[in-house]
Structures are given as C-alpha cells and as structure tokens.
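Asks: Heads up, the sequence shown is in the UniProt record's numbering, so the first residue is 1 and it goes up one at a time. Below are the structure tokens for one structure; questions will follow.
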Amino acid sequence: MGCWRLTSSDQTDYPPRPMRPSNTDIFCLCFAILFHLVDLGTDVNVTYDYFSKGEKYYAIVTIVIIIIPSIVTSCVSYRMYSMDRESEISYVWNRKRKFQLLMLFLQLAPVLRYIDSLRYACKSRKAEKKQNKKDQEKYYKLMLKEDADVALLRVFESFLESAPQQLLQLSYLLKLYYKKTEHEGFLMPILSVLTSLVGMALCLMTYQKTIRYVQEDKDNINWKGSVFILMWHFFVTVSRILMLSAMVYISWLYALLSMIVHWLVMSISLALLESHDFCSETSSIRFQKFTVCEVLTNFLYSSALGLVFIFTYITPSEGGTLFRYTSFYLICLLENIVGAVIWYYYFDETSWFTITMTVMFVVPFVLGCLCMIIYYCKFHPKQYTPPSMIPQRRQVVKAEGTHLTETPSPKLQVGPSTSLNGTITSELGQGDDA
1 MGCWRLTSSD QTDYPPRPMR PSNTDIFCLC FAILFHLVDL GTDVNVTYDY
51 FSKGEKYYAI VTIVIIIIPS IVTSCVSYRM YSMDRESEIS YVWNRKRKFQ
101 LLMLFLQLAP VLRYIDSLRY ACKSRKAEKK QNKKDQEKYY KLMLKEDADV
151 ALLRVFESFL ESAPQQLLQL SYLLKLYYKK TEHEGFLMPI LSVLTSLVGM
201 ALCLMTYQKT IRYVQEDKDN INWKGSVFIL MWHFFVTVSR ILMLSAMVYI
251 SWLYALLSMI VHWLVMSISL ALLESHDFCS ETSSIRFQKF TVCEVLTNFL
301 YSSALGLVFI FTYITPSEGG TLFRYTSFYL ICLLENIVGA VIWYYYFDET
351 SWFTITMTVM FVVPFVLGCL CMIIYYCKFH PKQYTPPSMI PQRRQVVKAE
401 GTHLTETPSP KLQVGPSTSL NGTITSELGQ GDDA
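This is the structure we're talking about:
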C-alpha cells in the first residue's frame, strides 16, 4: 500500500502544471515511510506468533521470505543509484553515499527512496518560496523520478515478500480449518490477507501509472483505466495465491516443485528473449559487448523477475505486449485449471467450501483477464506528443564532456531510473545530493 500516490486531475503524463509538490504529495510520502516501518514490525510479529504456537517450519519459512526479497530489493535499488551516477561527470564519496549504503545494508531500500523523494519535494517547495521556477521544476522532476524508482521496488517487495507470506498464511488457515470445528478466529486473518491482496493490486496499478508519468510523450492513465487495472491485477492475484495456497496445503513438496518449474521457464525465457539494459553499463549497451559480470547480473535480474511471474506479469522492457500477455496468462490459466481439478478430487466428500475454492481458482482469473482486455481495448492511452513539445529537441548533458549533444530519449526499461528527458540525473547535473 505504501506505493500509491494521489495525483491531480490533469490527464497528461508529462508533469502537471504547475510543477509543485502538493501537501497531499508530502503527506503520502511521510505516510509511506511510516507504513513501511509498521509493515516490518508486523512481519516480526507474525514470525513470533508462529514460534509461540510451535509452528517452527512456518516461522523459518517466513524469515526466509522476508530476508531474501529484501536483499533482492536492495540490490535493485543499488543498481538504480549506480545508473544515476554513470551519467555524472565526476563522483564524490560523500555522506549521502554512505547513508545510502547503510540503508541498503539495513534492508530499507524503499524507505531510502521515499526519503529522497521527500527531500526533493521539500527542495521544490523551498525553491517556489524563493520564486526560483527553474529549481522548483528541476526538483519536482527529480521527485517524480524517485517515485518511478520506488514504484518498481514496491512491486518487487510485494510479490517477492508479501505474496509468498499470504500464500503461507492461507495454507496455514486451511490447515486450521480442516483440523477444527469452530472457526471464530478466522475473520481477522482473512481480512489481513484480503487487505494485502488489495495492496498488491494497488502497487501494480501505481507502477503502471508512474512509469508513464515520467514519459513526456505518453498520455496518462485516467481514473477509469486505473479502476480496470486495479480489478485486473486484484482478480488475477487472488486466484493465483488461492490456488497455490491450496496446493501447498495438499502437498508442499509437489507445490514447491511446480513453482520451481514455472520460475525456471519464466527466468530462462526472460534471459533469452528480453534485453535488460538495466543490468549493463552504458558503453556495453552502445557496442553490444557485455562482460561476464553483466551477463551474470542479467541472469540474476531475470531470475528475480521470474519469481514475480509466479504470481503476476509485469512488462520487462518496451515493446508489444500481446504475445507476452497471451503466453503468460494461458500458462497461468492452465495451471489454475489443473489446480482446481486436483483440489476438487482430493477430498472424498465435496462440501460447499471445496466447491467454492474450486470456483475461486478459475473464475476470478478469467474476470481479471476480461478486465485487462477491456482496459486495453477501451482505456489504454495511446502514445502521444503534446503540440507544445513538437518543436522541442531533447538535449541531454553527456558524461563525456561539458558540451550539449542532442540524443533521442532511450526506450523505457523496467528497472532504470526512468526520466522525463532521457537521463534526468545528467540533465539536471550535479549538486543535487546536498
């Protein structure tokens, strides 16, 4: 839930006018920082609760699915900072750099991004008070860039940490359901899981909106489109997590093996078919010559995305999505149907609960796919260049020298710090770390 942001009614994705952070923006950033810290406390409490009930297996697995995603998120965030630094003419080891490393070591990568975004928002407001319009817009754009970065980090965090936790918690609730005759204590855990599922859908919706928000040549996603995106991801996520939770309840070993196979297929496909400039240096991308370290990093990044793809799909690079979505959702639909058949025939007697669960494995998934189709047919914004921007040329300060060179804006990749005019960090220059 920490990644959402209220936006103005302006329906264009180039920055809204005037370029100034609102009080709502600043409040949401502060709330996101607080929410993330509370979320960490909740994770610790859940782990302690498992230990106190003698469920050491569940407790250990919970610890693993908290630590590993946090490390992955920190690595992705560190790479983002490295990409920001690549475009600068010089580099100075300063207090901000040390603070970044400390926060990443403490597994607080999203919090660090929220702090950076809040810092730029405050600087933009301060420049506004001084009537310095240039700095006001500069820091506002930097705030948007940080928002785009943190949106991706939240997606990783949600589907590498929150989704497995909900899967584990639901399988535990199924275990309790079939062991007890009274189920009075199930309401709060179920509400907690439902809230987390809505939060994951919100993160995906915000991510899709934010990466367009920092591209000046594309229209914004309006509120109707946002609603369909939210329903699309919510229904798909609900069906996937319910099905996987049921399979873990039936046989955690076979369920784990099935998820590993799914992960391997997705990871290998990503590594072979997608180009991740996010994992390579600028010079390597230019000459298409990659080092062993870059190839390894590309594979690790594909592996992390492959884990996310167990639950949902995010576009890994710019390009057509029809074949990607069709392939992914057909595979997942087949998996859900197989899971529904296994669940239905696992029990000797079919109860209303068994039938309801069987339906929930398939129907919400189909509804989610229908919402996706409606969104792309009716509400997906087409690429668009505002008339006021047509005569403008994109100028980016290159790292090789102090002169200006005209370059086209690079394609958007999932992972890099997306910007409004190519590489926003290089365009705005140094002196923004103070």
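Ideal Cβ placement from N, Cα and C applies to all residues, glycine included.
For Val359, does the count of other Cβ atoms within 10 angstroms reach 16, so buried, or fall short, so exposed?
Replies: Here residue 359 is taken as the residue at index 359 of the sequence shown, counted from 1. Exposed.
Asks: Within 10 Å of its beta-carbon, does Glu400 have 16 or more other beta-carbons around it, so buried, or fewer, so exposed?
Replies: On the sequence shown, position 400 is the one that residue 400 refers to. Only weak support is given to the placement of Glu400: the predicted model assigns it a pLDDT of 35, under 50, and the value that follows is read from those uncertain coordinates. That one is exposed.
Asks: What residue range is occupied by the uninterrupted alpha helix (DSSP H) comprising Tyr249?
Replies: In the sequence shown, the residue the question calls residue 249 occupies position 249. Where Tyr249 is concerned, the enclosing alpha helix (DSSP H) stretches over 223 to 250.
Asks: Spatial neighbours of Pro387 within its chain, please: CB distance less than 7 Å, with the 5 preceding and 5 following residues excluded, ordered by chain position.
Replies: As a first step, residue 387 must be located in the sequence shown, where it is residue number 387. At Pro387 the pLDDT is 42, less than 50, meaning the model places this residue with poor confidence; the figure from the coordinates comes in the next sentence. Nothing meets the Cβ criterion.
Asks: Which residue spans inside the region 140 to 209 form an unbroken alpha helix (DSSP H) run of at least 4?
Replies: Within the region 140 to 209, the complete alpha helix (DSSP H) runs of at least 4 residues are 163 to 177.
Asks: Assuming His380 is part of the alpha helix (DSSP H), what are its boundary residues?
Replies: Here residue 380 corresponds to residue number 380 of the sequence shown, with the count starting at 1. First-last for His380: undefined, no H or E at that position.
Asks: In chain order, what residues of the same chain lie with their CB nearer than 6 Å to the CB of Ser267, ignoring the 5 residues before and after it?
Replies: In the sequence shown, residue 267 corresponds to position 267, counting from 1. If we look at Ser267 and ignore the five residues flanking it on each side, its Cβ neighbours are Ser302, Ser303, Gly306.
Asks: What's the C-alpha gap between Gly339 and Trp252?
Replies: Counting from 1 along the sequence shown, the entry for residue 339 is found at position 339. Counting from 1 along the sequence shown, the entry for residue 252 is found at position 252. Roughly 13 Å between the two C-alpha positions.
Asks: Between the alpha carbons of Arg212 and Ile221, how many angstroms are there, rounded?
Replies: Reading the sequence shown from its first residue, position 212 is the one you call residue 212. Reading the sequence shown from its first residue, position 221 is the one you call residue 221. Approximately 8 Å, taken between the alpha carbons.
Asks: Buried or exposed: which applies to Gln131, given that a residue is buried once 16 or more other Cβ atoms fall within 10 Å of its Cβ?
Replies: As a working note, residue 131 is residue 131 in the sequence shown. Classification of Gln131: exposed, given that the 10 Å Cβ count is below 16.
Asks: Could you pull the start and end residues of the alpha helix (DSSP H) that Thr297 belongs to?
Replies: Indexing the sequence shown from 1 puts residue 297 at position 297. Here the alpha helix (DSSP H) through Thr297 covers 292 to 308.
Asks: Nearest CA to the CA of Val238: which residue from Ile250, His262, Val227, Ser196?
Replies: For the purposes of this step, residue 238 is identified with residue 238 of the sequence shown, where counting begins at 1. That would be Ser196, whose Cα lies nearest to the Cα of Val238.
Asks: Could you pull out every residue in the same chain whose Cβ sits closer than 7 Å to the Cβ of Glu137, ignoring the five residues on either side in sequence?
Replies: Numbered from its first residue, the sequence shown carries residue 137 at position 137. Once the five neighbours on either side are set aside, the close Cβ partners of Glu137 are Met19.
Asks: What number of angstroms, rounded off, separates the C-alpha of Cys293 from the C-alpha of Phe299?
Replies: Within the sequence shown, residue 293 is the residue found at index 293, counting from 1. Within the sequence shown, residue 299 is the residue found at index 299, counting from 1. Whole-angstrom Cα-Cα distance: 10 Å.
Asks: Could you name the residues of the same chain whose beta carbon sits closer than 7 Å to that of Val150, not counting the 5 residues immediately before and after it, in chain order?
Replies: By 1-based counting over the sequence shown, the position of residue 150 is 150. Same-chain partners within the cutoff: Cys3, Pro110, Arg113, Tyr114, Ser117.
Asks: What residues in its chain sit with their C-beta under 8 Å from that of residue 487, if we drop five residues either side in the sequence?
Replies: Summary: the structure shown does not reach residue 487, with the chain confined to residues 1 through 434, and so no result is reported for it.
Asks: Taking only runs that begin and end inside the region 301 to 361, name each unbroken alpha helix (DSSP H) of 4 or more residues, in chain order.
Replies: Runs found: 322 to 346.
Asks: Going by other Cβ atoms of all chains shown within 10 Å of its Cβ, with 16 needed for buried, is Val38 buried or exposed?
Replies: As a first step, residue 38 must be located in the sequence shown, where it is residue number 38. Exposed is the call here.
Asks: Nearest-angstrom Cα distance between Gly320 and Ile342?
Replies: Indexing the sequence shown from 1 puts residue 320 at position 320. Indexing the sequence shown from 1 puts residue 342 at position 342. Roughly 35 Å separates the two Cα atoms.
Asks: Nearest to Leu202 by CA position, among Thr350, Leu187, Ile190, Val236, is which residue?
Replies: Position 202 of the sequence shown, counted from the start, is the residue given in the question as residue 202. The option with the nearest alpha carbon to Leu202 is Val236.
Asks: Could you give the distance in angstroms between the alpha-carbon of Arg154 and the alpha-carbon of Asp348?
Replies: For this step, residue 154 is matched to residue 154 along the sequence shown. For this step, residue 348 is matched to residue 348 along the sequence shown. About 42 Å.
Asks: Rounded to whole angstroms, what's the CA-CA distance from Leu144 to Ser245? Just pull it up for me.
Replies: As a first step, residue 144 is located in the sequence shown; it is residue number 144 there, counting from the start. As a first step, residue 245 is located in the sequence shown; it is residue number 245 there, counting from the start. Those two C-alpha atoms are separated by around 37 Å.
Asks: Around the C-beta of Leu204, are 16 or more other C-beta atoms found within 10 angstroms, so that it is buried, or is it exposed?
Replies: On the sequence shown, position 204 is the one that residue 204 refers to. Buried: at least 16 other Cβ atoms inside 10 Å.
Asks: I'd like the span of the alpha helix (DSSP H) that includes Tyr48, first residue to last.
Replies: Counted from its first residue, the sequence shown places residue 48 at position 48. Tyr48 -> alpha helix (DSSP H) spans 23 to 52.
Asks: Could you tell me the distance, in whole angstroms, from the CA atom of Cys122 to the CA atom of Ser327?
Replies: Here residue 122 is taken as the residue at index 122 of the sequence shown, counted from 1. Here residue 327 is taken as the residue at index 327 of the sequence shown, counted from 1. Approximately 44 Å between the Cα atoms of the pair.
Asks: Roughly how many angstroms lie between the CA atoms of Glu128 and Lys134, to the nearest whole one?
Replies: Translated into the one-based positions of the sequence shown, residue 128 becomes position 128. Translated into the one-based positions of the sequence shown, residue 134 becomes position 134. The alpha-carbon atoms of Glu128 and Lys134 are separated by roughly 9 Å.
Asks: I need the DSSP call for Tyr91, collapsed to helix, strand or coil.
Replies: Residue numbering aside, residue 91 sits at position 91 when the sequence shown is read from its first letter. Any reading at Tyr91 needs caution, since the residue's pLDDT is 44, under 50, leaving its predicted position unreliable; the model's value is listed next. Coil, per DSSP.
Asks: Please tell me whether Phe228 and Cys371 are closer than 9 Å, where the distance is taken between their beta carbons.
Replies: To locate residue 228, count along the sequence shown from 1; it is residue 228. To locate residue 371, count along the sequence shown from 1; it is residue 371. Yes.
Asks: Quick check: what's the CA-CA separation for Cys75 versus Glu161?
Replies: Here residue 75 is taken as the residue at index 75 of the sequence shown, counted from 1. Here residue 161 is taken as the residue at index 161 of the sequence shown, counted from 1. Approximately 15 Å, taken between the alpha carbons.
Asks: Just to confirm my understanding: we take Ser124, look at its own chain, exclude 5 residues before and 5 after, and list those with CB closer than 7 Å. What are they?
Replies: Mapped onto the sequence shown, residue 124 falls at position 124. Cβ neighbours of Ser124 beyond the five flanking positions: Arg20, Pro21, Gln136, Tyr139, Tyr140, Met143.
Asks: CB-CB under 7 Å to Lys175, same chain, minus the five flanking residues each way: which ones, in chain order?
Replies: Here residue 175 refers to the residue found at position 175 of the sequence shown. Within the same chain, Lys175 has close Cβ partners Tyr249.
Asks: To the nearest angstrom, report how far apart Leu168 and Ala271 are at their CA atoms.
Replies: Here residue 168 refers to the residue found at position 168 when the sequence shown is read from its first residue. Here residue 271 refers to the residue found at position 271 when the sequence shown is read from its first residue. In a straight line, the C-alpha of Leu168 is about 29 Å away from that of Ala271.
Asks: May I ask you to report which of helix, strand or coil DSSP gives Lys130?
Replies: Translated into the one-based positions of the sequence shown, residue 130 becomes position 130. Looking at Lys130 - three-state DSSP - the assignment turns out to be coil, as it is neither helix nor strand.
Asks: With distance defined between alpha-carbon atoms, name the residue in Thr315, Val363, Thr73 nearest to Leu333.
Replies: Position 333 of the sequence shown holds residue 333. The option with the nearest alpha carbon to Leu333 is Val363.
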